[in-house]
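I have placed the structure first, in the form of structure tokens, so that the comments after it can refer back to it.
There are 2 protein chains.
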Amino acid sequence: MKLIECVPNFSEGRDNEKIEYIADAFRNKNGVKLLDHSADPDHNRMVITAAGEPQPLKEAVVKAIGRAVEVIDLREHQGVHPRIGAADVVPFIPLEDAEMADAVALSKEVAAEVSAAYSLPIFLYEESAQKEERKNLAYIRQGGFAALGERMAKDPAWKADFGPEHIHPSAGATAMGARKFLIAYNVNLKSNDLALAKAIAAKIRTAGGGLPSCKALGLELKEQGIVQVSMNLTDFNQTAIWQAYEAVKEEAAKAGVEVLASELIGLTPLEAVLECTRHYLRFENLDLSKILDLKLK
Amino acid sequence: MKLIECVPNFSEGRDNEKIEYIADAFRNKNGVKLLDHSADPDHNRMVITAAGEPQPLKEAVVKAIGRAVEVIDLREHQGVHPRIGAADVVPFIPLEDAEMADAVALSKEVAAEVSAAYSLPIFLYEESAQKEERKNLAYIRQGGFAALGERMAKDPAWKADFGPEHIHPSAGATAMGARKFLIAYNVNLKSNDLALAKAIAAKIRTAGGGLPSCKALGLELKEQGIVQVSMNLTDFNQTAIWQAYEAVKEEAAKAGVEVLASELIGLTPLEAVLECTRHYLRFENLDLSKILDLKLK
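Structural data, given as structure tokens:
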């Protein structure tokens, strides 16, 4: 059975009623499982992790995006995370028995459907991109909602892959595409120095000559009065979670700043956690075959 | 469905034909799953991890012990690990839906059956013990095969709980009982100083005023030319794997000795591994709900 994961990010992380309304689109539906959802008030953003067979998953995603368009108004949105839309970014990831081509196909089917149903411009990114430069999510998202709206209005090169020529007045636009599994991992610093968090992010990310397969942003968590290095590890065989942690810790230490805590957004493959324990305890033989919970399934 | 785990330790870790012959008793049997088996040539010992419903599990364990009695001769046994029998120690552990009382009952049924079938003296230990002092496996096993044989011959207080009055000439005796889940965890040192390994074990184990719920022995791994602190963590909520590792590392460092590696014998609950990653990465939110592999099951 082909299994696809979808990890849509919606621009609502504060209003619990709206959060649940959107998440509910993935509940009580045959062939789809809501695996996780978490909302962050500072980011003002929620991340859903769902998995399912392509057809029922498509139906759930279309429904959820419709609900996001209905209840989120980007013009009133405040939050530290960059965004272009109510349904900001919707990645599809091939899991068991599925290939990247299956995820690409599904992303385009969903794009066609939601763009028509909700007058929502869709930019295809990563493996689904139809233009080389759109492979990079950051390129599409540069400047956020307002700037993308201006680019679309003025520059024909910024025509969306699906949907209307102009940005949706309240729901913005959506980046949609297929990609490999990604670990969203944040390290919080015992500091409120945003410049430091940004400098660390710039140094450790792949684009800055840092860790391979690592995207990073420096963000401020105002409610907690601290800053965060927010990372996407796009290949944990290249950069393990512990390597990302140690890199942030080392750079922070140079500025005399300590790590406060770290956190996962969404899910992680178990293998990526085992690799951390293997590293710190110099484990010779810790692998999936040693885990009682998996053996009993 | 009640599920019981059995982790029998057999005194054969070198002859692969004998190892497989014994392990095979747990294969291809409805209601029983062979989860893991590992053999150590220095210990000259194998550890099987199996789980199943009480009745079929009992049949498999009885068969395996019979095979161990058949092919292992303790009089010719060499190995660094203390032992009293071919089937040295046979613990039963309650898993899903099972209570400790179920594991105790099963241990006594198996004890009755194997003692009659193979003329094997059985000493009930831990939760199954019928005498206070026999709760402690080390008490039963003191001095090993030869010494236990002498005690049984001379001292009526050393009558076995099941089986004949005298030790089995080639297969010795078996300690059998119910206990909580235990993590068997070894830390290898970059040293051949057995006295150091023994001193570290004596210092960190519960009996020496060290870590709670921790049993430890210092052993020599002659084939590798190193020494090992071999531990049983009987409650990983009391002493986590990382705490055991750090305690050994710290004591070894005082003698200028480094840790070479660490290893699990048998299986571990995933929660115990997550706790290690949580500790070293200061994780705020790493729990079973974050593990993709479990969510997809």
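These protein sequence lines are chains A and B, in that order.
Our numbering puts the first sequence at residues 1360 to 1656.
Our numbering puts the second sequence at residues 1360 to 1656.
Yeah, the Cβ is synthetic: ideal placement off N, Cα and C, and Gly gets one too.
All values derive from a computational prediction rather than experimental measurement.
Return helix, strand or coil for A/Arg1404, following the three-state DSSP convention. Looking up residue 1404 of chain A in the first sequence gives position 45. Of the three classes helix, strand and coil, the one that applies to A/Arg1404 here is strand, per DSSP.
First through last residue of the beta strand (DSSP E) which encompasses B/Ile1559: The residue labelled residue 1559 of chain B in the question sits at position 200 within the second sequence. Element bounds for B/Ile1559: not the beta strand (DSSP E) but the alpha helix (DSSP H), Leu1553 to Ile1563.
Can you pull the chain A residues whose beta carbon is under 8 Å from the beta carbon of B/Ser1648, in chain order? For the purposes of this step, residue 1648 of chain B is identified with residue 289 of the second sequence, where counting begins at 1. Chain A residues near B/Ser1648: Asp1395.
Anticipated Cβ contact below 8 Å, B/Leu1433 with B/Phe1504, distance rounded: The count along the second sequence starts at 1 and reaches residue 1433 of chain B at position 74. The count along the second sequence starts at 1 and reaches residue 1504 of chain B at position 145. Confirmed, about 5 Å.
Do B/Glu1610 and B/Lys1654 come within 7 Å of each other at the CB atom, strictly closer than that value? For this step, residue 1654 of chain B is matched to residue 295 along the second sequence. For this step, residue 1610 of chain B is matched to residue 251 along the second sequence. Going by C-beta atoms, B/Lys1654 is not nearer than 7 Å to B/Glu1610.
Kindly indicate which residue of B/Ala1446, B/Ala1554, B/Ala1614 and B/Leu1629 has the alpha-carbon position closest to the one of B/Thr1533. Sequence index remark: in the second sequence, residue 1533 of chain B carries index 174 (1-based). When only C-alpha atoms are compared, the closest one is B/Ala1446.
Give a yes or no on whether 7 Å exceeds the smallest Cβ distance from A/Ser1621 to chain B. Residue mapping note: residue 1621 of chain A aligns to position 262 of the first sequence, counting from 1. Interface residue, yes.
How about the segment 1400-1408 of chain B and the segment 1467-1479 of chain B: do they share at least three Cβ pairs that are nearer than 8 Å? no
Residues in its own chain within less than 8 Å of A/Thr1565 by CB, not counting five upstream and five downstream? Position 206 of the first sequence, counted from the start, is the residue given in the question as residue 1565 of chain A. Pro1571, Ser1572, Cys1573 and Lys1574, listed in sequence order.
A/Thr1627 in three-state terms, based on DSSP: Taking the first sequence and counting its residues from 1, the one referred to as residue 1627 of chain A is at position 268. Strand.
Mapping DSSP to helix, strand and coil, what is A/Asp1340? Summary: the structure shown does not reach residue 1340 of chain A, with chain A confined to residues 1360 through 1656, and so no result is reported for it.
Range covered by the alpha helix (DSSP H) that runs through A/Asn1375: Translated into the one-based positions of the first sequence, residue 1375 of chain A becomes position 16. First-last of the alpha helix (DSSP H) with A/Asn1375: Asn1375 to Ala1382.
Within the 7 Å Cβ cut-off, does A/Arg1641 reach chain B? Sequence index remark: in the first sequence, residue 1641 of chain A carries index 282 (1-based). Taking Cβ atoms only, chain B reaches closer than 7 Å to A/Arg1641, which makes this a yes.
Would you identify the three-state DSSP class for B/Thr1636, choosing helix, strand or coil? For the purposes of this step, residue 1636 of chain B is taken as the residue at position 277 of the second sequence. Reduced to three states, the DSSP call for B/Thr1636 is helix.
B/His1638 to B/Lys1377, Cα distance in whole Å? Along the second sequence, one-based indexing puts residue 1638 of chain B at 279. Along the second sequence, one-based indexing puts residue 1377 of chain B at 18. Roughly 41 Å between the two C-alpha positions.
Within 7 Å (strictly less), CB to CB, does A/Thr1593 reach chain B? What you label residue 1593 of chain A is simply residue 234 of the first sequence in a count that begins at 1. Answer no: the Cβ-Cβ gap between A/Thr1593 and chain B never drops below 7 Å.
Roughly how many angstroms separate the alpha carbons of A/Pro1628 and A/Val1406, rounded to a whole number? Counting from 1 along the first sequence, the entry for residue 1628 of chain A is found at position 269. Counting from 1 along the first sequence, the entry for residue 1406 of chain A is found at position 47. Rounded to whole angstroms, A/Pro1628 to A/Val1406 spans 17 Å at the Cα level.
Taking its Cβ as the centre, do 16 or more other Cβ atoms sit within 10 Å of A/Gly1531, making it buried, or is it exposed? Position 172 of the first sequence, counting from 1, holds the residue named residue 1531 of chain A. The residue in question, A/Gly1531, is buried, as its Cβ has 16 or more Cβ neighbours within 10 Å.
Excluding the 5 residues preceding and the 5 following B/Gln1489 in the sequence, name in chain order all residues of the same chain whose CB lies nearer than 6 Å to its CB. Position 130 of the second sequence, counted from the first residue, corresponds to residue 1489 of chain B. The residues are Leu1483 and Asp1520.
Cut-off 7 Å between Cβ atoms - residues of its own chain near B/Tyr1604, not counting five sequence neighbours on either side: Along the second sequence, read from residue 1 onward, the residue named residue 1604 of chain B stands at position 245. Closer than 7 Å at the Cβ level, and outside the excluded window around B/Tyr1604, lie Val1546 and Ser1621.
Work out the CA separation of B/Arg1426 and B/Tyr1380 for me, nearest whole Å. Your numbering for residue 1380 of chain B matches position 21 in the second sequence. Your numbering for residue 1426 of chain B matches position 67 in the second sequence. In a straight line, the C-alpha of B/Tyr1380 is about 7 Å away from that of B/Arg1426.
Through-space distance from A/His1436 to A/Asp1552, alpha-carbon basis: As a position in the first sequence, residue 1552 of chain A is number 193, starting the count at 1. As a position in the first sequence, residue 1436 of chain A is number 77, starting the count at 1. Between A/Asp1552 and A/His1436, the C-alpha separation is close to 24 Å.
I need the DSSP call for A/Val1546, collapsed to helix, strand or coil. Residue 1546 of chain A sits at position 187 when you count from the first residue of the first sequence. Of the three classes helix, strand and coil, the one that applies to A/Val1546 here is strand, per DSSP.
A/Asp1350 in three-state terms, based on DSSP: With chain A represented from 1360 up to 1656, any question about residue 1350 of chain A goes unanswered, as that position is not in the structure.
Sheet register partners of B/Phe1369 (DSSP bridge): Taking the first residue of the second sequence as position 1, residue 1369 of chain B is located at position 10. DSSP output for B/Phe1369 lists B/Met1405 and B/Ala1446 as bridge partner(s).
Please go through the same chain and pick out, in chain order, the residues whose beta-carbon is closer than 6 Å to the beta-carbon of A/Ala1599, but skip the five residues on each side of it. Here residue 1599 of chain A corresponds to residue number 240 of the first sequence, with the count starting at 1. Glu1634.
Close beta carbons around B/Val1463, own chain, < 7 Å, minus the five adjacent residues each side: For the purposes of this step, residue 1463 of chain B is identified with residue 104 of the second sequence, where counting begins at 1. The answer, listed in chain order, is Glu1486, Ser1487 and Ala1537.
DSSP state of A/Lys1574, grouped into three classes? Indexing the first sequence from 1 puts residue 1574 of chain A at position 215. In this structure, A/Lys1574 counts as strand in the three-state DSSP scheme.
Please list the segments of the beta strand (DSSP E) lying wholly inside the segment 1408-1447 of chain B, counting only runs of 3 or more residues, in order along the chain. none
Which residue spans inside the segment 1451-1488 of chain B form an unbroken beta strand (DSSP E) run of at least 3? 1481-1485
Can you list, in chain order, the residues of its chain whose CB lies under 7 Å from that of B/Lys1673, leaving out five sequence neighbours each side? There is no way to answer for residue 1673 of chain B, as the model of chain B reaches only from 1360 to 1656.
Going by DSSP, what residue range makes up the beta strand (DSSP E) through A/Ile1600? Reading the first sequence from its first residue, position 241 is the one you call residue 1600 of chain A. First-last for A/Ile1600: Ile1600 to Lys1613, but that is the alpha helix (DSSP H), not the beta strand (DSSP E).
In the structure shown, what three-state DSSP assignment does A/Ile1499 receive? Reading the first sequence from its first residue, position 140 is the one you call residue 1499 of chain A. Three-state result, A/Ile1499: helix.
Thinking C-alpha only, which one of A/Glu1418, A/Lys1392, A/Ile1431 and A/Asp1383 is nearest A/Asp1374? Looking up residue 1374 of chain A in the first sequence gives position 15. When only C-alpha atoms are compared, the closest one is A/Ile1431.
If B/Ala1631 and B/Phe1595 are in contact, beta carbons under 8 Å, what's the gap, nearest whole angstrom? As a first step, residue 1631 of chain B is located in the second sequence; it is residue number 272 there, counting from the start. As a first step, residue 1595 of chain B is located in the second sequence; it is residue number 236 there, counting from the start. That belief holds up - the Cβ atoms of B/Ala1631 and B/Phe1595 are roughly 4 Å apart, short of 8 Å.
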